[in-house]
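Novice:
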Amino acid sequence: MNIFANNTDGVPLVDAATAEQPCEMQLIYDSLQITLNPLAKCGLMIYVASEIIALTTIPIVILGTVGNLILLILLFCSSQKDIRLRIWGAALCVFDILSVNIIGLLHGMHEFGYRWWGWHNNNLEGNDHVRCKFFRLAITYLKTTRINLILFNLFTETCCQSEADQLTLEIKTITSAYLGLALLLSLILSSPTALIYGLWELHGRFQCLPDPSWASAYHAFYAVHHMLFCDGLFQCICVLSLCTLLRRKLHRQQHLHYLMRSNIKDGRLFGELLSQIEFQLNHKFNSRRILLLQSSFIGLARLVYCCVCLLLESLLFSVNGFGSQNISDRLQIWAKFSVANVFAFIELLFTTFTYVWWHQNSPQLRSLVGTQMIKTLLCIGRGRSFLPYGKRRVRTLPQVQQPTNTQPYDLEAMTEVEATAFAVKCQKQKLINKYRVVFRYGSKERKCIKPVITTFSGSRRSGSIESFGDVSMGSISHYQ
């Protein structure tokens, strides 16, 4: 019943019988104001925080996109032996790029950033019913997929068979199967969003929210399902549990690594074998540390977000009461939106630092980046164009005329040592012309030939040749 009426003078009159019984919506609004009154004291802080978020959203989107794109290219170009980490890392980079642009730019910036900047809001979600369902499904699918990828990656790293006991093709097949299962499971878990979301009018504006025409039981089921599996409360608990197991593995591996390094003896075959095993353990340790850092930060951020949303839902449930058919007030809706976007901003901020985590914990990635930077600087310094190898202008070296009066040798009459020395001597000039080899002559007392030992360091190859006779000692330097 309406408790207000207007007289002929335009002054509202209140019935004395109904003045002491305000309407239910007024009770809900007053209860919310009393309950959320401590937030009013933080109004200036919230306003400043919203300004900071509006100013930093676009730089975070740019840095997140560029950083993950560079990391994706480096993962495809690197020659790391950890195939499992490369596949999962590439998948996470792709979905991080999509999340930064769709959740951060298209959703968050349209909802909150455009008003602060004074731009016109196109309202991507409120123009079409199908667009509303598709856009919400895409956002929910991206959030679910990111946490599911981390969960499956941790599961394959901690609970599956080690890569040392598997073939390369088998590792790729199993990892691709787990990746496809994670993507399919994310689609199934996020599919209820497309069913329950729709356009409905609220305060004179169309909003893309759960449709109130559905029964309250469906709304309750969707709220619990979204909290557990889409926002990732269940996955976060599993992720943090697996992170604990992975941390224990890292501690055992680090202790084994220390014992092996302290017992390595140079000059023995056993020491060389231990060196190779120690190198592989160090590489595996770095890969697992990358996974542990990334999973822990994202899992903790999602867990805190789920707990805050759960507390907010409990607060609103205690205010509204169970089974209430009233449409949620604007304050409730914007409170949920604000909490969701603040934690989405924090998660996007973690996404921006993905490349930093990989760069700090992967020596192979650092060496690859350093090699590419050195090559780029050398090309710029020499004035070479960045063209494919087939189209580059290569400077021709001056051809050195080969001596024509070479003394014939009967190779069949030579011993094995003499034939090898003659072959090295004849190939000397060819090595100089082709590889720009510099032979430094030293002692001629050695009477045997040692095998060529070649070491690789970036784009430079260096080695040594020792022989007898005219070619006693030589050092080879091959620059690509």
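For the sequence shown, the positions run 207 to 686 when this note's numbering is used.
For every residue, glycine included, the Cβ atom is placed at its ideal position computed from N, Cα and C.
(1) Just reading off the beta strand (DSSP E) that L312 is part of, what are its end residues?
(2) So, with DSSP's three-state summary, where would you put P265?
(3) If you drop the 5 nearest sequence neighbours on each side, which residues of the same chain put their C-beta closer than 8 Å to that of W420?
(4) Helix, strand or coil for W294 per DSSP?
(5) Using only CA atoms, which one of H565, C512, V514 and I504 lies nearest to F556?
(6) Once DSSP output is grouped into helix, strand and coil, what is the label at F485?
(7) Using the C-alpha atoms, what's the distance from N333 back to L405?
(8) Report, in whole angstroms, the separation of the C-beta atoms of L280 and V562, which I expect to be a contact under 8 Å.
(9) If you run the structure through DSSP and keep just helix, strand and coil, what is W420?
(10) What does the alpha-carbon distance come out to for the pair H335 and D417?
(11) Between G314 and T271, how many whole angstroms is the CB-CB distance? I'm expecting something under 8 Å.
(12) Secondary structure at G404, three-state DSSP: helix, strand or coil?
(13) How should T379 be labelled, buried or exposed, when 16 other C-beta atoms within 10 angstroms of its C-beta is the threshold for buried?
(14) Would you mind reading off the limits of the alpha helix (DSSP H) that contains F361?
(15) Skipping 5 residues on each side, what residues in its chain have a beta carbon closer than 8 Å to that of W498?
(16) Mapping DSSP to helix, strand and coil, what is F412?
(17) Just to confirm my understanding: we take H431, look at its own chain, exclude 5 residues before and 5 after, and list those with CB closer than 7 Å. What are they?
(18) Can you tell me which of A426, Q486, S501 and Y464 puts its alpha carbon nearest to the alpha carbon of C444?
(19) So, at 8 Å on beta carbons, what are the nonlocal neighbours of M687 in its own chain, with the 5 sequence-adjacent residues on each side left out?
(20) Using a threshold of 8 Å, state whether the C-beta atoms of T560 and D288 are closer than that.
(21) Thinking just about the alpha-carbon of each residue, which of A400, N488, S284 and L446 is nearest to the one in Y464?
(22) If you measure between the beta carbons of I268 and L554, is that distance less than 8 Å?
(23) Which class does E302 belong to by DSSP, given the choice of helix, strand or coil?
(24) Here's a check: name, in chain order, each residue in its chain whose Cβ is nearer than 6 Å to the Cβ of R599, leaving out the five neighbours to either side.
Specialist: On the basis of the coordinates in this document:
(1) Here L312 belongs to no beta strand (DSSP E), and DSSP marks it neither H nor E.
(2) helix
(3) I402
(4) helix
(5) I504
(6) helix
(7) 9 Å
(8) Wrong, their Cβ atoms sit about 13 Å apart, outside the cutoff.
(9) coil
(10) 11 Å
(11) So it is not a contact: roughly 15 Å between Cβ atoms.
(12) strand
(13) exposed
(14) H335 to T364
(15) Checking the sequence, you will find Leu at residue 498 rather than Trp. C449, L452, R453 and L456, listed in sequence order.
(16) strand
(17) P398
(18) S501
(19) Since the displayed the chain opens at 207 and closes at 686, residue 687 lies outside it and no answer follows.
(20) no
(21) N488
(22) no
(23) What sits at residue 302 in the sequence shown is Asp, not Glu. Reduced to three states, the DSSP call for D302 is helix.
(24) Note that R599 has pLDDT 45, beneath the 50 cutoff, so the model's placement of it is unreliable and no number is given.
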